[in-house]
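One gets the working numbering by counting positions in the sequence shown from 1 and adding 2 to each.
Heads up, the thing below is written out as structure tokens.
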Amino acid sequence: MNVKVTGRHMDLTDALRNYIHSGLRKVETHFDRLMDADVVLDVQKHRHIAEVNLHANGVRIHGKEASSDMYASVDAVFAKLEKQIRKHKERINRHQPRTAREERDYAHAIISVNPDNGQELEAEAPYRPREIHREKLPMKPMNVEEAVLQLELVDDPFLVFSNADTSRVNVLYSRDDGTYGLIEPQF
Numbered sequence: 003m004n005v006k007v008t009g010r011h012m013d014l015t016d017a018l019r020n021y022i023h024s025g026l027r028k029v030e031t032h033f034d035r036l037m038d039a040d041v042v043l044d045v046q047k048h049r050h051i052a053e054v055n056l057h058a059n060g061v062r063i064h065g066k067e068a069s070s071d072m073y074a075s076v077d078a079v080f081a082k083l084e085k086q087i088r089k090h091k092e093r094i095n096r097h098q099p100r101t102a103r104e105e106r107d108y109a110h111a112i113i114s115v116n117p118d119n120g121q122e123l124e125a126e127a128p129y130r131p132r133e134i135h136r137e138k139l140p141m142k143p144m145n146v147e148e149a150v151l152q153l154e155l156v157d158d159p160f161l162v163f164s165n166a167d168t169s170r171v172n173v174l175y176s177r178d179d180g181t182y183g184l185i186e187p188q189f
């Protein structure tokens, strides 16, 4: 298990690190493959915020909680993660198992464009978009129901996945009215 603990505006004590590691060991028992965990602890005035991102078995799970005590925040975020993991496992167990397929990697990039502001760009220097964030994630083939489950587990507004039924890349996004939209490519 790879664990990265970061403290913002606070000093991390060994007791707090050990407390986090013991909580992660309890969560790790739910997964059969190795797990990566990113833990961010933050203090803002009187709020103690604990945020955990787990990457295990091709699933990303996110939890964030705040309280007046850091240990209470850590307990609350681990309780939230346990609930999400149980919900995920129950949904998986209700589905028929599929044959194993290759996991595909895809590159995800967000590119920013500088506004023109009514000024013309210089002719000597051609404009190039600036890459501000890039991540590579394993693209596990899944059907739409599994993609909805995955989108509910993370706080992202959309999910790019390989549709197991059509073998094409699809985008699932959450709408303001509580429903989901699916974008399928047409060639």
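Cβ atoms here follow ideal geometry from the backbone N, Cα and C, with glycine treated the same way.
A quick note: this is a predicted structure, and the numbers were derived from the prediction, not measured.
Distances from the alpha-carbon of Glu186 to those of Asn145, Asp34, Arg88 put Asn145 closest.
Taking the C-beta atoms as reference points, Glu67 is found nearer than 8 Å to Ser75. Here Arg10 is not near Leu56, since their CB atoms are 8 Å or more apart. Under the 10 Å beta carbon count, Gly180 is surrounded by fewer than 16 other beta carbons and is classified as exposed. In the DSSP secondary-structure assignment, Val76 is not bridged to any residue.
For Leu18, the uninterrupted alpha helix (DSSP H) segment begins and ends at 16-30. The beta carbon of Ala166 lies closer than 6 Å to those of Pro143, Met144, Asn145 in the same chain, with the five residues before and after it left out. Counting of Cβ neighbours within 10 angstroms places Ser164 among the buried residues, the total reaching 16 or more.
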